[in-house]
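Read left to right, the sequence shown gives residues -23 to -1, 1 to 221 (mature numbering (1 follows the signal peptide of the UniProt record, and there is no 0)). Glycine residues also receive a C-beta, built at the ideal position from the N, C-alpha and C atoms. Structure, as structure tokens:
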Amino acid sequence: MRCCGFLTIVLLFAANLSSLASAIPILHETPSLELRRSLNITTRSTSPVPIGTVLTHCVVPGVVALTFDDGPYIYTPEILESLSQHSARATFFLNGVNKGSIDGFPEIVRRAHAEGHQLGSHTWSHDFLNALDYPSIVSQMTTLEDAFLRILGVYPTYMRIPYFAFNGVVLAAMTDLGYHVIGASVDTKDYENDDPELSYRSFEKFCTELDAGGNVVLAHDTHQTTARVLCLGDPREFWYRDGR
């Protein structure tokens, strides 16, 4: 029950906090126009939220964004139950293959979508994108898009970079693909405290970073302890795109 208590406290905290906005610029060389054209990549988002730039804070005052990475997995339904009990919404950044697989849990994906949670991309296989070339980065994204299309009939416009490991080529690919890139300003490090006796450490970190002005919370729905609002002002219609 402590794991549920941790998430409950997080949910109760997530209603009355101020927000800031921040971005990280592209610093490295970007791929050539010829390569982009050869891959038939175009920018596909009409949302007012910036694309290809790492966003680490909410821009809507008084909002905290709860985000969960690495699912779907066996613990995701517990997260959904806790969120439902508190009439809260979250963003789930999904992988194609990680601890579980998106094709192994299609009903969980459909449930999260039907209950109004935002579903974003965390790449197909959670690789270090900054170690890949441009075509491989694009493949990581479009392979997961195909899975979204199979399960939901749409694909996402929001993503989070695994390990926050990126360079200019990664951000250029996200720009070309039309993705809003979400970072975090509150990292619970729940994967380091995946034990009922240690979960208080994640909560203490949560409180400390909230006090410091953070409001985009990173946790994981693939860890048992963790299992037990429109942050950027972007309406649901801009969360997804129709098929390519």
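Report the residue from the options whose alpha carbon sits nearest the alpha carbon of residue i.
{"i": "Asp110", "options": "Met136, Ala161, Phe143 and Glu84", "result": "Phe143"}
{"i": "Tyr156", "options": "Leu126, Met118 and Glu55", "result": "Met118"}
{"i": "Ser61", "options": "Ala89, Pro139 and Val147", "result": "Ala89"}
{"i": "Val31", "options": "Pro212, Asp211, Val147 and Glu181", "result": "Val147"}
Work out the CA separation of residue j and residue i for me, nearest whole Å.
{"i": "Thr134", "j": "Ser24", "result": "9 Å"}
{"i": "Phe(-11)", "j": "Ala65", "result": "Here Phe(-11) scores only 42 on pLDDT, less than 50, and its place in the model should not be relied on; the value that follows carries that caveat. Between Phe(-11) and Ala65, the C-alpha separation is close to 11 Å."}
{"i": "His103", "j": "Ala196", "result": "15 Å"}
{"i": "Tyr217", "j": "Gly81", "result": "21 Å"}
{"i": "Ser93", "j": "Leu106", "result": "At residue 93 the sequence reads Gly, which differs from the Ser that was named. Gly93 and Leu106: Cα-Cα distance of roughly 29 Å."}
{"i": "Glu72", "j": "Leu57", "result": "In the sequence on display, residue 72 carries Asn and not Glu. Each residue's alpha carbon lies about 17 Å from the other."}
{"i": "Asp46", "j": "Phe141", "result": "12 Å"}
{"i": "Val26", "j": "Thr185", "result": "28 Å"}
{"i": "Glu214", "j": "Gln95", "result": "11 Å"}
{"i": "Leu126", "j": "Thr120", "result": "10 Å"}
{"i": "Ala67", "j": "Ala108", "result": "30 Å"}
{"i": "residue 257", "j": "Pro139", "result": "Outside the modelled stretch of the chain, which goes from -23 to 221, sits residue 257, for which no answer is possible."}
{"i": "Glu212", "j": "Ala91", "result": "The identity of residue 212 in the sequence shown is Pro, whereas the question assumes Glu. Pro212 and Ala91: Cα-Cα distance of roughly 16 Å."}
{"i": "Ser59", "j": "Glu122", "result": "28 Å"}
Hey, would you say residue i sits closer than 8 Å to residue j, going by beta carbons?
{"i": "Ala161", "j": "Thr44", "result": "yes"}
{"i": "Pro49", "j": "Val86", "result": "yes"}
{"i": "Ala124", "j": "Ile79", "result": "yes"}
{"i": "Ser98", "j": "Phe69", "result": "no"}
{"i": "Val158", "j": "Gly29", "result": "yes"}
Cβ of residue i within 7 Å of any heavy atom in the ligand SAM?
{"i": "Thr53", "result": "Annotation note on the ligand SAM: not contained in the displayed structure, which lists no ligands."}
Spatial neighbours of residue i within its chain, please: CB distance less than 7 Å, with the 5 preceding and 5 following residues excluded, ordered by chain position.
{"i": "Asp219", "result": "Val131"}
{"i": "Glu181", "result": "none"}
Tell me which same chain residues have a C-beta within less than 6 Å of the C-beta of residue i, skipping the five on either side of it?
{"i": "Ile128", "result": "Pro83 and Val86"}
{"i": "Thr7", "result": "For Thr7, the predicted model reports a pLDDT of 49, less than 50, meaning its position is unreliable and no value from the coordinates is stated."}
{"i": "Leu154", "result": "Met118"}
Excluding five sequence neighbours on each side, which residues of the same chain lie with their C-beta closer than 8 Å to the C-beta of residue i?
{"i": "Ile136", "result": "Looking at the sequence provided, one finds Met at residue 136 rather than Ile. Cβ neighbours of Met136 beyond the five flanking positions: Phe70, Gly97, Ser98, His99, Thr100, Met118, Met151, Tyr156, His157, Val158 and Ile159."}
{"i": "Ser116", "result": "Trp101"}
{"i": "Ile114", "result": "Leu106, Val146, Val147 and Ala150"}
What are the start and end residues of each continuous alpha helix (DSSP H) run of 4 or more residues lying completely inside the stretch 79 to 161, in chain order? 83 to 91, 111 to 129 and 145 to 154
At 3 residues or longer, and completely inside the stretch 31 to 58: list those beta strand (DSSP E) runs for me, N to C. 42 to 46
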